[in-house]
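Asks: Numbering-wise, my numbering puts 845 at position 2 of the sequence shown, and it's gapless, one number per residue. The structure that follows is given in the form of structure tokens.
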Amino acid sequence: MIYLIVIGAIVLVSLLAQTVKVVNQYERGVVLTLGRYTGTKQPGIRILVPIIQRMIKVDVRSTPIDVAKQEVITKDNVTAAIDAVVYIRVLDAQRAVLETTNYVVATSQFAQAALRDVTGNAKLDEILSRREEISQQIKKIVDEQTSAWGVDVEIVRIQNIELPKELKRAMAKQAEAERDRRATIISADGEKIAAQNLADAAKVFSGVPGALNLRTLATLERIATEPSQKTMMLFPVELIDALRGMSAIKPGAQEQEPVVTQKSTSRSKK
């Protein structure tokens, strides 16, 4: 008697499990009655007829699918390994269940084929520089097929592009040469600006008597404050004559004379 009660309880629980179904907010329930489609259930508690009816739940959230790495040969005969990710969303649960055995696997395989086709018809430079445009081409091709399954392709992104080591080294050398070229151009522009500034300064000094001498004295004052041990400069004869005239000393020869200024730091005195 006890065994019959236990068996009856097990059967009752099994029937209840087949009768009462809970459809989550992010799901839709495709109901088949005796193997035929009879409706799609919305979220909530749903009652089914045991044995006669069954429900297949379909997740309608955005689902990412990793597209396996594909070995492709580009239009310019470069071998590369490219992978991608595809985001899909089920718009029609009925077609997703009835039109394909597994819409996720089917979408992944079709995306792999589209990835090989699109990248194989493009040059390597185009793949590297127009990645977004190529991703959109793949999305369009895949979406045309998956729409028949009630699946919408939301996003396609090319993730990694692996190149042969030899090509990587060549591209690194090319990038380094480009950086050197830009540095040379920047340096040349700087020298050009400096030369122009010197030319402008020369025009100013030539038009103002004594301006060059004042500039030289200002430079001497700045050097005197620096902690150098010895400084040697060549002064114009006119400046030396002016200084001698100020000290009532008869001007000397009209040649440039080296003047050595020596400054001992406090450390050297110690």
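Where a beta carbon is used, it is the ideal one built from N, C-alpha and C, also for glycine. Values in this document were obtained by computation on a predicted structure and should not be read as measured data.
1. Using a Cβ-Cβ cutoff of less than 7 Å, which residues in the same chain neighbour residue 958 once the five nearest sequence positions on both sides are dropped?
2. Residues in the same chain with beta-carbon distance under 7 Å from residue 978, minus the five sequence neighbours each way, listed in chain order, please.
3. For residue 962, count neighbouring Cβ atoms within 10 angstroms of its own Cβ and tell me buried if that reaches 16, exposed if not.
4. Going by DSSP in three states, residue 896 sits in which element: helix, strand or coil?
5. Within the same chain, show all residues whose beta-carbon is closer than 8 Å to that of residue 917, passing over the 5 residues directly before and after it, in chain order.
6. Quick check: what's the CA-CA separation for residue 1009 versus residue 921?
7. I'd like to know whether the C-beta atoms of residue 906 and residue 880 end up nearer to each other than 8 Å.
8. Using 8 Å as the threshold, is the C-beta distance between residue 993 and residue 955 below it?
9. Using the Cα positions of residue 1017 and residue 960, report the straight-line distance between them to the nearest angstrom.
10. To the nearest angstrom, report how far apart residue 942 and residue 991 are at their CA atoms.
11. Tell me whether residue 966 sits in a helix, a strand or coil according to DSSP, three-state version.
12. With contact counted as at least three CB pairs below 8 Å, one residue from each stretch, are the segment 861-868 and the segment 886-905 in contact?
13. For residue 950, which residues does DSSP report across the bridge?
14. Taking 8 Å as the threshold (C-beta atoms), are residue 950 and residue 915 in contact?
Replies: Well, looking at it:
1. Taking the sequence shown and counting its residues from 1, one reaches residue 958 at position 115. Only 910, 913, 925, 927, 981 meet the Cβ criterion.
2. The residue you call residue 978 lines up with position 135 of the sequence shown. Only 999, 1000, 1001 meet the Cβ criterion.
3. Start at 1 with the first residue of the sequence shown, and residue 962 comes out as number 119. Buried.
4. Numbered from 1 along the sequence shown, position 53 holds the residue referred to as residue 896. The three-state reading of DSSP puts residue 896 in strand, counting E and B together.
5. Looking up residue 917 in the sequence shown gives position 74. Hits under 8 Å: 923, 962, 963, 965, 966, 967, 970.
6. To locate residue 1009, count along the sequence shown from 1; it is residue 166. To locate residue 921, count along the sequence shown from 1; it is residue 78. Their backbone Cα atoms lie some 11 Å apart in a straight line.
7. Mapped onto the sequence shown, residue 906 falls at position 63. Mapped onto the sequence shown, residue 880 falls at position 37. Result no, Cβ atoms of residue 906 and residue 880 do not sit closer than 8 Å.
8. Stepping through the sequence shown from its first residue, residue 993 is reached at position 150. Stepping through the sequence shown from its first residue, residue 955 is reached at position 112. Between residue 993 and residue 955, the C-beta gap is not smaller than 8 Å, which leaves the two residues out of contact.
9. The count along the sequence shown starts at 1 and reaches residue 1017 at position 174. The count along the sequence shown starts at 1 and reaches residue 960 at position 117. In this structure, the straight-line span from the alpha carbon of residue 1017 to that of residue 960 is close to 29 Å.
10. Along the sequence shown, read from residue 1 onward, the residue named residue 942 stands at position 99. Along the sequence shown, read from residue 1 onward, the residue named residue 991 stands at position 148. Straight-line Cα distance between these residues: approximately 8 Å.
11. As a working note, residue 966 is residue 123 in the sequence shown. DSSP places residue 966 in coil when its eight states are reduced to three.
12. Yes: at least three Cβ pairs fall under 8 Å.
13. Residue 950 sits at position 107 when you count from the first residue of the sequence shown. BP columns for residue 950 are empty, so no partner.
14. Taking the first residue of the sequence shown as 1, we reach residue 915 at position 72. Taking the first residue of the sequence shown as 1, we reach residue 950 at position 107. In terms of Cβ geometry, residue 915 and residue 950 do not form a close pair [threshold 8 Å].
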